DNA sequence: TGATATCCTACTTGCGAGGTAGGTTTTCCG
DNA sequence: CGGAAAACCTACCTCGCAAGTAGGATATCA
């Protein structure tokens, strides 16, 4: 297994927010009930989404959460990255400021990491897939659109 | 992070076996030394590779391991799956016997899991990337080692 | 003013990755 | 034949983190 259930839950929350998108915010109590997830745990997830600027919270009675942007403007790469921390297939791989892929095993210039090519390819395919999928794509209920 | 270091190490072992591929087997002692990995831990990894039929062991003095097949005939999907157990982006997703993607959250026919589309896409892109990359692709990118 | 919600901090728990240890069996080589 | 060197096997340890709980402080509406 590669992504934590935290990410799974978080994506479900985002879909639910997009689905009920309207003038009034949606409370986590409602979402916890309809998705059958523990409220206290959802609060942690949503904190990540909020800090990433994907949702906005309204405090107090009749409060809740709203999407910061319309669903078509939110890529699932943003959502997953906010929940997961970062998107890297393996510990030694990360992205530098320029978006280039860095392998921490390559301390020496001579010593090219033979597996870097593999993880770079995997990383690229995951990220581009997540970027191409928008939150709005998951809202429209179409049965079985498997790839 | 998505793949364990077990998978990272295992891939490095496979690359090393492919690189030194010849008539005589390569011992884990050698690989552990050159890759700077703990021998006892490598034994566990290689056991998985052996059970998956990717590698053959020769016991006794002058023994070691050999690739069961030529490197171009080994896809990295096989290697990663042997090491990781299975390739699924998330707990609720798995593959059935026909290769179709199954979501364990979809108990009811009415209740289509809205996030299944996302994980299906991610799963597909990872698997196809791993299948397209052969073990031999990772070997040929370093100046030839003195034999 | 009370109910309802976000928001914040601290704690608990279970599990699996990562690694160690020590043995048994097999095979080569001198 | 007798080590030595290797695979092979089983059991164990430990530590970090995901997953979840708990309880409160703060904000807002009716």
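Residue numbers (this note's numbering), protein chains in the order written: chain A, 1 to 147; chain B, 148 to 294. Where is the CB? At the ideal position from N, CA and C, for every residue including glycine. No experiment lies behind these values; they were computed from the predicted model shown.
| Item | Value |
| --- | --- |
| Are the Cβ atoms of residue 29(A) and residue 272(B) separated by less than 8 Å? | no |
| Within 10 angstroms of the Cβ of residue 305(B), are there 16 or more other Cβ atoms? Answer buried if so, exposed if not. | Because chain B is modelled from 148 through 294, residue 305(B) falls outside the range shown and cannot be assessed. |
| Per DSSP, which residues does residue 65(A) bridge with? Please list them. | 26(A), 57(A) |
| How about residue 32(A): is its C-beta nearer than 8 Å to some C-beta of chain B? | no |
| Residues of the region 91-108 of chain A with a CB closer than 8 Å to any CB of chain B: list them in chain order, please. | 91, 92 |
| For chain B, is any of its Cβ atoms less than 8 Å away from the one on residue 20(A)? | no |
| DSSP three-state call for residue 93(A): helix, strand or coil? | strand |
| At a Cβ threshold of 8 Å, is residue 126(A) touching chain B? | yes |
| When you compare only the Cα positions, how much space is there between residue 150(B) and residue 263(B)? | 21 Å |
| May I ask you to list, following chain order, the residues of the region 182-208 of chain B that have a beta carbon less than 9 Å from some beta carbon of chain A? | none |
| Mind the definition here: the region 171-190 of chain B touches the region 152-160 of chain B only if three or more C-beta pairs lie below 8 Å; say whether that holds. | yes |
| Hey, residue 199(B) and residue 229(B): beta-carbon distance below 8 Å or not? | yes |
| What residues from chain A crowd round residue 265(B), counting only those whose CB sits closer than 7 Å? | 11, 76, 133, 138 |
| Any idea if residue 45(A) is buried or exposed, counting beta-carbon neighbours within 10 angstroms, 16 or more meaning buried? | buried |
| Assign residue 145(A) to one of three DSSP states: helix, strand, or coil. | Any reading at residue 145(A) needs caution, since the residue's pLDDT is 49, under 50, leaving its predicted position unreliable; the model's value is listed next. Residue 145(A): coil per DSSP, three-state reduction. |
| If distances are taken between C-alpha atoms only, which option among 156(B), 265(B), 217(B), 220(B) comes closest to residue 183(B)? | 156(B) |
| Can you grab the Cα-Cα spacing for the pair residue 235(B) / residue 1(A), in whole Å? | 6 Å |
| Of all Cβ atoms in chain B, is any one closer than 8 Å to the Cβ of residue 6(A)? | no |
| Going along the chain, which residues of its own chain have a beta-carbon closer than 8 Å to the beta-carbon of residue 249(B), five neighbours each way excluded? | 240, 241, 242, 243 |
| Using DSSP's beta-bridge definition, name the partner residues of residue 250(B). | 240(B) |
| Are there 16 or more other CB atoms within 10 angstroms of the CB of residue 48(A), so buried, or fewer, so exposed? | buried |
| In chain order, what residues of the same chain lie with their CB nearer than 7 Å to the CB of residue 215(B), ignoring the 5 residues before and after it? | 200, 201, 202, 203 |
| In angstroms, rounded to a whole number, what distance separates the CA positions of residue 232(B) and residue 6(A)? | 21 Å |
| Might you give, ordered along the chain, the residues of its own chain that have their beta carbon closer than 8 Å to the beta carbon of residue 71(A), omitting 5 neighbours on each side? | 18, 21, 134, 135, 136, 139 |
| Which residues in chain B sit within 7 Å of residue 89(A), going by Cβ to Cβ distance? | 149, 150 |
| Given residue 90(A), which residues of its chain have a CB within under 7 Å of its CB, disregarding the five upstream and five downstream residues? | 119 |
| Going along chain A, which residues have a C-beta under 7 Å from residue 162(B)? | 114, 115 |
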